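K.L.:
Chains as they are written, first to last, in the working numbering: chain A, 123 to 433; chain B, 4 to 454. Here a beta-carbon is modelled for each residue, glycine too, at the ideal position from N, C-alpha and C. Note that this is a predicted model, so its numbers are computed, not measured.
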Amino acid sequence: MIGFSKQLLISAGLIIVLFIPLIINAQTDSTKAEAPATEKDSSLISPALEFISTQKGDNSIDLAATLKAKVNSSFIKLPKLKVTFYQVSETGENELGFVITNGTGLALFNYKADSIATDKEGKFHFKAVFAGNKTIEAAQEEVSFKRARLEITPVKEDSIQSVQVKLIDVGTGTEKPVPGTLVGVYVHRMFYPLKVGEGTTDENGETTVEIPNKLPGDAKGNLNLMAKLDESELYGNLETSVTQQWGVPVSDKLQELPRALWSEHPPLWMMVTFIILMCTVWGHYLVIIIQLFRLRKEEPDPDSPTAERIS
Amino acid sequence: MELNKYQQEIFDKQRPVIETFGAKTWRWTIFFLFWILLGGYALYLQIAKGHKVTGMRDNVVWGLYIANFIFFIGISYAGAVISGILHILKVEWRKPIIRIAEMITVISTIIGPVFILLCVGRLDRLHHLFLYPRLQSPITWDVFAIGTYFAGSVIFLYLALIKDFAIYRDAKLNIPKWKQKMYKILAIGYRGTHGQKRHIRISTNLMAIMIIPLAIIVHSVLSWIFGMTLRPGWHSTIFGPYFVLAAIYSGTGVLIMAMWVYRKMYNLKSYITDKHFVYLGYIMMVLGAGYGYFTFSEYLTDWFASEKWNSEVIEKLFNPAKYGWWFLFANVAGIILPIFIVAFPKTRKPVWITIASFFMVIALWVKRYLIIVPTLESPLLPMQDTRMEYVKYTATWVEWALTLAGVATFFLFYTLLSKFVTIIPISEFAGKDQPVVTARDISEENEIVPA
Chain A
123 MIGFSKQLLI
133 SAGLIIVLFI
143 PLIINAQTDS
153 TKAEAPATEK
163 DSSLISPALE
173 FISTQKGDNS
183 IDLAATLKAK
193 VNSSFIKLPK
203 LKVTFYQVSE
213 TGENELGFVI
223 TNGTGLALFN
233 YKADSIATDK
243 EGKFHFKAVF
253 AGNKTIEAAQ
263 EEVSFKRARL
273 EITPVKEDSI
283 QSVQVKLIDV
293 GTGTEKPVPG
303 TLVGVYVHRM
313 FYPLKVGEGT
323 TDENGETTVE
333 IPNKLPGDAK
343 GNLNLMAKLD
353 ESELYGNLET
363 SVTQQWGVPV
373 SDKLQELPRA
383 LWSEHPPLWM
393 MVTFIILMCT
403 VWGHYLVIII
413 QLFRLRKEEP
423 DPDSPTAERI
433 S
Chain B
4 MELNKYQQEI
14 FDKQRPVIET
24 FGAKTWRWTI
34 FFLFWILLGG
44 YALYLQIAKG
54 HKVTGMRDNV
64 VWGLYIANFI
74 FFIGISYAGA
84 VISGILHILK
94 VEWRKPIIRI
104 AEMITVISTI
114 IGPVFILLCV
124 GRLDRLHHLF
134 LYPRLQSPIT
144 WDVFAIGTYF
154 AGSVIFLYLA
164 LIKDFAIYRD
174 AKLNIPKWKQ
184 KMYKILAIGY
194 RGTHGQKRHI
204 RISTNLMAIM
214 IIPLAIIVHS
224 VLSWIFGMTL
234 RPGWHSTIFG
244 PYFVLAAIYS
254 GTGVLIMAMW
264 VYRKMYNLKS
274 YITDKHFVYL
284 GYIMMVLGAG
294 YGYFTFSEYL
304 TDWFASEKWN
314 SEVIEKLFNP
324 AKYGWWFLFA
334 NVAGIILPIF
344 IVAFPKTRKP
354 VWITIASFFM
364 VIALWVKRYL
374 IIVPTLESPL
384 LPMQDTRMEY
394 VKYTATWVEW
404 ALTLAGVATF
414 FLFYTLLSKF
424 VTIIPISEFA
434 GKDQPVVTAR
444 DISEENEIVP
454 A
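1) Does any CB atom of chain A fall closer than 8 Å to the CB of B:Gly43?
2) In terms of alpha-carbon separation, which member of B:Phe413, B:Trp368, B:Val401 lies closest to B:Phe74?
3) Can you give me, in chain order, the residues of the region 317-328 of chain B that have a beta carbon less than 7 Å from any beta carbon in chain A?
4) Helix, strand or coil: which one does DSSP assign to B:Arg266?
5) If we ignore side chains and look at the alpha-carbon of each, how far apart do B:Thr350 and B:Val281 end up?
6) Helix, strand or coil for A:Asn194, going by three-state DSSP, please let me know.
7) Under 7 Å between beta-carbons, which chain A residues line up against B:Met210? List them in chain order, please.
8) Any idea what DSSP makes of A:Lys204, helix, strand or coil?
9) Would you verify that the beta carbon of A:Phe396 is, or is not, closer than 8 Å to some beta carbon of chain B?
10) Whether or not the region 211-224 of chain B and the region 183-198 of chain B are in contact is what I'm after, with contact meaning three or more pairs of Cβ atoms, one per stretch, closer than 8 Å; do they touch?
11) Excluding the five sequence neighbours on either side, which residues of its own chain have a C-beta within less than 8 Å of the C-beta of A:Gln149, listed in chain order?
12) Give the straight-line distance between the Cα atoms of B:Val364 and A:Ser195, rounded to the nearest whole angstrom.
13) Report the partner residues of A:Pro276 according to the DSSP bridge assignment.
14) Using a Cβ-Cβ cutoff of less than 7 Å, which residues in the same chain neighbour A:Glu161 once the five nearest sequence positions on both sides are dropped?
15) From B:Trp312 to A:Ala382, what distance separates their C-alpha atoms?
16) Please name the residues in the region 184-204 of chain B whose beta-carbon is closer than 8 Å to at least one beta-carbon of chain A, in chain order.
17) Taking the Cβ atom as the reference point for each residue, do B:Ala163 and B:Arg204 lie within a distance shorter than 8 Å?
18) Is the Cβ of A:Trp391 closer than 8 Å to any Cβ of chain B?
19) CB-CB under 8 Å to A:Lys419, same chain, minus the five flanking residues each way: which ones, in chain order?
20) Mind checking whether A:Pro201 and A:Gly225 have CB atoms under 8 Å apart?
21) Against B:Gly155, what residues of chain A qualify as contacts under a CB-to-CB distance less than 9 Å, listed in chain order?
22) Check whether chain A comes within 8 Å of B:Gln139, counting only Cβ atoms and requiring the distance to be less than that.
23) At a cut of 8 Å, does the region 56-69 of chain B reach the region 237-244 of chain B through at least three beta carbon pairs?
24) Can a CB atom of chain A be found closer than 8 Å to the CB of B:Ile113?
25) So what does A:Pro338 bridge to, in DSSP terms?
26) As a quick exercise: from B:Gly337, B:Trp29, B:Trp355, pick the residue whose alpha carbon is nearest that of B:Val345.
27) When you compare the CB of A:Pro388 with every CB in chain B, is at least one pair closer than 8 Å?
28) To the nearest angstrom, how far is it from the Cα of A:Met312 to the Cα of A:Leu230?
29) Taking buried to mean at least 16 other C-beta atoms within 10 Å of its own C-beta, is B:Met59 buried or exposed?
30) Just how far apart, CA to CA, sit A:Thr249 and A:Lys192?
31) Any idea if B:Val20 is buried or exposed, counting beta-carbon neighbours within 10 angstroms, 16 or more meaning buried?
32) Rounded C-beta distance between B:Gly256 and B:Ser360? I'm assuming under 8 Å.
33) Consider the Cβ of A:Glu378: report whether some Cβ of chain B lies at a distance smaller than 8 Å.
34) Which residues share a DSSP beta bridge with A:His247?
35) Please tell me whether, using a cut-off of 7 Å, the distance from the CB of A:Val285 to the nearest non-hydrogen atom of the ligand FAD is below it.
36) Between which residues of its own chain and A:Lys268 is the CB-CB distance below 6 Å, once the five residues before and five after are set aside?
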């Protein structure tokens with residue numbers, strides 16, 4: 123019996139010894155499971171970085187990066203964050219500069235295209251990088267597009283006003299017209315450009331779009347006409363503009379509102395009625411008050427008996 | 004000042020009232036002061052913590068305070084219209100009751116606008132109303148109209164008091180010196196000369212003529228604060244005359260109640276006779292019928308048109324689970340009860356007429372509440388934040404305390420004023436150069452003797 127007891131004790135001891143590594147291992151495993159959570163804190167906000175480029179008519183490039191994040195199923199703009207812009211080439215990344223995002227989460231960087239080189243296909247490659255901070259994760263985005271130029275020329279024949287738009291590929295060093303591309307023509311308005319027409323470029327890379335007469339312009343009748351190529355797979359976004367005195371002059375001075383219920387000054391009839399009513403009533407009050415002052419000065423009637431005192 | 008025997012009799016009857024304050028009056032004064040102090044504490048809380056201590060929120064921005072404001076301006080019609088019209092028509096039986104009416108007018112015109120001040124959030128900018136008035140706004144019209152109306156009411160009351168002040172001045176009353184001095188100043192040297200009588204007669208006639216259109220304008224303007232907006236239940240062309248009629252109606256009710264109280268309190272049965280109650284009861288019945296007609300017309304057109312937003316308000320007023328019972332009370336006690344009480348000879352008695360007036364006045368207060376709150380609880384634009392306290396208005400104890408304080412102030416002022424001047428005007432009863440209409444004639448013979 124004693125031998126059996128010993129065997130039982132030894133067996134139990136062995137089982138415990140055998141299970142110790144498992145227990146330790148299980149503890150280690152649970153530690154391992156927590157480790158990634160430490161590395162990537164789930165409370166961090168994952169931002170979305172939108173990066174678009176626009177080749178301008180003055181040979182510059184607008185690099186626009188917008189930072190936003192989805193919080194509670196809706197997107198919020200992320201302001202006051204640093205976005206760094208790079209030109210990417212075969213040799214590496216060349217930092218161009220940085221911009222702090224504005225209230226709408228936009229960081230707009232303008233760069234002269236002549237000062238940077240294209241790759242052998244005539245393309246530019248840019249990268250926008252947000253390095254992240256304590257609460258927001260890092261994010262980056264790249265764009266690539268071939269270098270091109272959009273030209274706009276105002277043409278006026280008789281009473282017809284139009285603009286001639288020309289799209290030229292300049293990526294390979296030589297100017298090459300781009301045919302068969304849809305280009306839109308816009309007029310700059312207070313908030314957004316207003317589309318007035320569009321046309322497809324011919325074999326010379328040209329298209330003509332008529333501009334309507336009598337569009338309201340500024341005080342001198344100037345219209346800011348704009349040609350745009352949007353989201354081309356090869357060239358990205360392109361735009362160029364020209365100012366032409368084709369609009370109807372509209373004074374930018376604040377016009378005085380007419381007398382009305384909603385304006386600063388009331389309608390005249392209302393003023394007149396109010397003044398007449400007030401003067402009539404208060405005039406009568408004045409007459410009565412003057413009468414009351416006269417009471418005091420009234421002499422007793424000569425024929426009346428002396429005032430009798432009440433006892 | 005020379006008094007005829009009837010004037011002397013009336014004066015002797017009321018002399019103790021203005022000579023002594025009395026323990027009973029002190030008790031009432033302390034009682035009113037208690038409510039005023041409670042209101043003062045509520046006002047302190049409202050100023051210290053802001054309007055969040057009231058039930059008013061973004062949506063229901065008007066509540067008890069504005070209902071009280073309309074109510075008090077309404078009862079001010081007692082003196083303005085009742086007294087003004089009866090004066091112009093030279094109705095002789097008016098004489099014992101006109102002072103009660105005119106005092107109601109002045110005091111309620113003081114109390115009413117105070118409720119506007121309680122409702123305004125930024126009292127520190129109150130002077131902007133006068134510095135930068137916007138003439139297109141009905142609120143501005145109201146400020147000027149009520150200011151003008153108050154000035155007119157004070158002048159009207161004062162004109163009727165000058166002769167009596169001269170009587171008090173000359174009567175060698177057993178009163179403190181300051182009171183004697185006050186009577187002397189306020190009598191402005193009146194000695195009863197022909198010229199002085201003429202001046203006062205002309206001025207009083209002028210004011211009696213003016214006070215009527217003025218009162219009508221004031222309450223019309225008040226109604227336009229509601230009527231000029233496009234809100235359901237408010238945008239109505241009949242709101243002007245509807246408000247005016249309701250105001251005269253409630254003013255008559257308060258006048259009857261005040262008559263009953265003073266008749267009982269100072270034993271003035273020989274001057275404020277049963278006939279006064281019956282005559283005012285008749286006026287109340289006619290006004291009640293007119294008010295009922297306006298009410299029916301107003302709600303019938305809204306109900307018949309079935310316009311969405313109006314229907315929503317109508318539904319709230321007719322639904323017993325919402326404001327249905329209050330609406331029923333406002334119409335039964337405010338229209339049907341007074342008409343029936345006065346219509347039947349058996350109930351055409353001072354006590355019944357007074358009871359009907361009491362319920363009618365309460366009903367008209369409820370009616371003002373029902374004009375304001377259900378409409379504000381039915382916004383034209385859907386609300387983004389629909390918390391229950393935004394959608395549904397419930398007055399807080401602060402608002403109730405200030406409301407009771409307003410009522411207590413009204414009673415306190417009335418009590419104090421009735422200790423300063425006699426409730427029955429002495430000089431109004433004919434002098435020796437006029438045919439005498441005596442209180443005895445009115446009370447004993449129930450006959451009206453023309454002047």
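P.N.:
Taking the coordinates as given:
1) Not closer than 8 Å to any Cβ of chain A, the Cβ of B:Gly43 fails to qualify, so no.
2) The candidate whose alpha carbon is nearest that of B:Phe74 is B:Trp368.
3) Listed by position, the residues of the region 317-328 of chain B near chain A (Cβ gap below 7 Å) amount to none.
4) Here B:Arg266 sits in helix by DSSP.
5) So the two alpha carbons sit approximately 10 Å from each other.
6) Residue state for A:Asn194 is assigned as coil, using DSSP reduced to three classes.
7) At a C-beta separation below 7 Å, B:Met210 has these neighbours in chain A: Ile410.
8) Correct three-state label for A:Lys204: strand.
9) Yes - at least one Cβ of chain B is within 8 Å of the one on A:Phe396.
10) Here the region 183-198 of chain B does not lie against the region 211-224 of chain B, with fewer than 3 beta-carbon pairs under 8 Å apart.
11) For A:Gln149, the pLDDT reaches just 43, beneath the cut-off of 50, and the residue's location in the model is therefore unreliable, leaving the point undetermined.
12) Approximately 56 Å, taken between the alpha carbons.
13) According to DSSP, which records beta bridges pairwise, A:Pro276 is partnered with A:Val285.
14) In this prediction, A:Glu161 has a pLDDT of 47, which is less than 50 and means its spatial position is unreliable; nothing more can be read from the coordinates.
15) Approximately 28 Å, taken between the alpha carbons.
16) Within the region 184-204 of chain B, the qualifying residues are Ile191, Gly192, Tyr193, Arg194, Gly195, Thr196, His197, Gly198, Gln199, His202, Ile203.
17) Cβ atoms of B:Ala163 and B:Arg204: not closer than 8 Å.
18) At a cut-off of 8 Å between beta-carbon atoms, A:Trp391 makes no contact with chain B.
19) In its own chain, leaving out the 5 sequence neighbours on each side, no residue places its CB closer than 8 Å to the CB of A:Lys419.
20) Judged by their CB atoms, A:Pro201 and A:Gly225 are nearer to each other than the 8 Å cut-off.
21) Near B:Gly155 (Cβ distances below 9 Å), the residues of chain A are Val403, His406, Tyr407.
22) At least one CB of chain A lies nearer than 8 Å to the CB of B:Gln139.
23) They do not touch, by the three-pair rule.
24) Cβ-Cβ to chain A under 8 Å: no for B:Ile113.
25) Answer by DSSP bridge pairing, in chain order: A:Val370.
26) Here the closest residue by C-alpha is B:Trp355.
27) With its beta carbon less than 8 Å from one in chain B, A:Pro388 belongs to the interface.
28) Between the alpha carbons of A:Met312 and A:Leu230 lies a distance of about 20 Å.
29) When all chains shown are included, B:Met59 counts as buried.
30) Per the sequence presented here, residue 249 of chain A reads as Lys, with Thr not at that position. The alpha-carbon separation between A:Lys249 and A:Lys192 amounts to approximately 22 Å.
31) Buried: at least 16 other Cβ atoms inside 10 Å.
32) Rounded, the Cβ-Cβ distance is 4 Å, consistent with contact.
33) It does not: the Cβ of A:Glu378 has no partner Cβ on chain B nearer than 8 Å.
34) BP columns for A:His247 point to A:Ser266.
35) Here there are no bound small molecules, and the ligand FAD is not part of this structure.
36) Only Gly244, Lys245, Gly293, Leu356, Tyr357 meet the Cβ criterion.
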